[in-house]
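Trainee:
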C-alpha cells in the first residue's frame with residue numbers, strides 16, 4: 701500500500717495531482733508485475749497458445765490504492781476545516797528556537813539537587829584567577845636551589861592559559877654543585893654572573909609560538925636585564941608581588957625601560973595570605 705502523510709501547507713489541488721501521479725506509477729508497476737509469471741500461474745501451452753492472465757492481483761492493488769487515496773483526501777479535508785489559523789513554517793521554526801533557548805536558560809538557572817533532594821551550591825573559597833597565577837609562580841620558585849632567594853614566574857595568555865613557567869637557577873648543562881651561590885666577594889665568585897632569572901626561564905620555556913600580549917606574574921619586580929627580555933618578547937603586563945629592591949639602580953632602570961615600552965606594571969594584592977598544599981587530602 702502506498703502511504704503518504706501530506707503536510708498542512710499542501711493544497712488540495714496539489715494533493716490530488718500527487719495522488720494521481722502515484723496511481724499512474726502504481727499501475728505501471730502492476731502492469732510490469734502482471735507480465736511476469738506468478739508462482740501459481742500455469743505453464744504456457746505446448747501449441748503456442750498464450751494462457752490467460754489472472755486480473756485478481758491488479759484489482760486487489762487497485763482497491764487498496766483507492767482506499768488509501770480516500771483516507772488521504774479525508775485527512776486533508778479535516779486539516780483544512782480546523783478553526784485555528786495555520787502558522788507559517790518560519791514562525792513555527794522561530795517558536796521552536798525560542799522554546800529551546802528558554803529551556804536552556806531555565807536549566808542553567810535551576811540549581812542542581814543531590815540525590816536527597818537538597819540544593820547543591822558551588823564551592824566557596826576557591827582561588828581567583830589572580831591568586832591562582834601568582835600561586836603557580838610561587839610554587840615554581842620552590843624548585844629553585846638558590847639558598848637566599850627563590851623566585852618564580854608564570855606567563856599567562858589573554859585567554860587565561862598558562863604558556864610559560866620558570867624559576868631562578870643555573871643554565872642547562874652547568875652544574876649547580878660547582879658554580880657559586882654566594883652573594884658576597886668578588887663578582888666572579890658570586891652567583892650573579894651565572895644565575896638565569898625566573899623571567900628569562902619562563903620566556904624560554906614557553907609552550908606556545910610566542911608570548912605576545914601576555915601577562916607575566918612574578919614574585920619580585922624584574923631587574924633591568926629581565927625587563928629587556930620582557931619587552932623584546934612582546935609581554936604587555938607585569939604583575940609582581942614584592943618590590944623590595946625598588947630603590948636599587950637596576951630596578952630604577954627596569955622601571956624606566958618598561959615605562960618607555962608601554963609595558964604595564966602593577967603590584968599584586970592577594971585575597972589569601974597563605975595557601976596550603978596537603979598531598980594527603982586528595
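Numbering (our numbering), first residue to last: 701 to 982. Beta carbons: idealized from backbone N, C-alpha and C, even for Gly. Here the structure is a predicted model, which means the values were calculated and not measured.
Shortest alpha-carbon distance to residue 853 belongs to which of 867, 844, 860?
Mentor: It is 867.
Trainee: How big is the Cα-Cα spacing for residue 942 and residue 919?
Mentor: Answer to the nearest angstrom: the Cα atoms are 6 Å apart.
Trainee: Compute the Euclidean distance between the alpha carbons of residue 927 and residue 842, then round it to the nearest angstrom.
Mentor: Answer to the nearest angstrom: the Cα atoms are 23 Å apart.
Trainee: By how many angstroms is the C-alpha of residue 940 removed from the C-alpha of residue 966?
Mentor: Roughly 7 Å between the two C-alpha positions.
Trainee: Mind checking residue 979: buried by the 16 CB within 10 Å criterion, or exposed?
Mentor: Residue 979 is exposed by the Cβ-count criterion.
Trainee: Quick check: what's the CA-CA separation for residue 953 versus residue 826?
Mentor: Distance between the alpha carbons of residue 953 and residue 826: 38 Å.
Trainee: Would the beta-carbon of residue 987 fall within 8 Å of that of residue 880?
Mentor: Because residue 987 is not part of the residues shown, which for the chain are 701 to 982, the question remains open.
Trainee: Are the beta-carbon atoms belonging to residue 916 and residue 931 less than 8 Å from one another?
Mentor: It is not a contact, given that the beta carbons lie outside the stated cut-off.
Trainee: Return helix, strand or coil for residue 914, following the three-state DSSP convention.
Mentor: Here residue 914 sits in coil by DSSP.
Trainee: Residue 894: which of 957, 873, 962 sits nearest, CA to CA?
Mentor: If we check each option's Cα against that of residue 894, 873 comes out closest.
Trainee: Check for me: the beta strand (DSSP E) holding residue 941 runs from which residue to which?
Mentor: Where residue 941 is concerned, the enclosing beta strand (DSSP E) stretches over 937 to 942.
Trainee: Is the distance from the Cβ of residue 902 to the Cβ of residue 869 below 8 Å?
Mentor: No, they are not a contact pair.
Trainee: If you follow the alpha helix (DSSP H) that residue 903 is in, where does it begin and where does it stop?
Mentor: Run containing residue 903: 898 to 904, per the alpha helix (DSSP H) assignment.
Trainee: Measure from the C-beta of residue 891 to each C-beta in chain D and report whether the shortest distance is under 8 Å.
Mentor: The displayed structure is made up of one protein chain only, and chain D is not part of it.
Trainee: Let me check one thing: in DSSP terms, what residues is residue 853 bridge-paired to?
Mentor: Per DSSP, 866, 918.
Trainee: Could you give the DSSP three-state label for residue 786: helix, strand or coil?
Mentor: With a pLDDT of only 49 at residue 786, under the threshold of 50, the placement of this residue in the model should not be trusted, and no figure is reported.
Trainee: How is residue 966 classed by DSSP in three states: helix, strand or coil?
Mentor: The answer is strand: DSSP assigns residue 966 an E or B state.
Trainee: Whole-angstrom Cβ separation of residue 922 and residue 937, contact assumed at under 8 Å?
Mentor: Incorrect: roughly 12 Å between the Cβ atoms, too far for contact.
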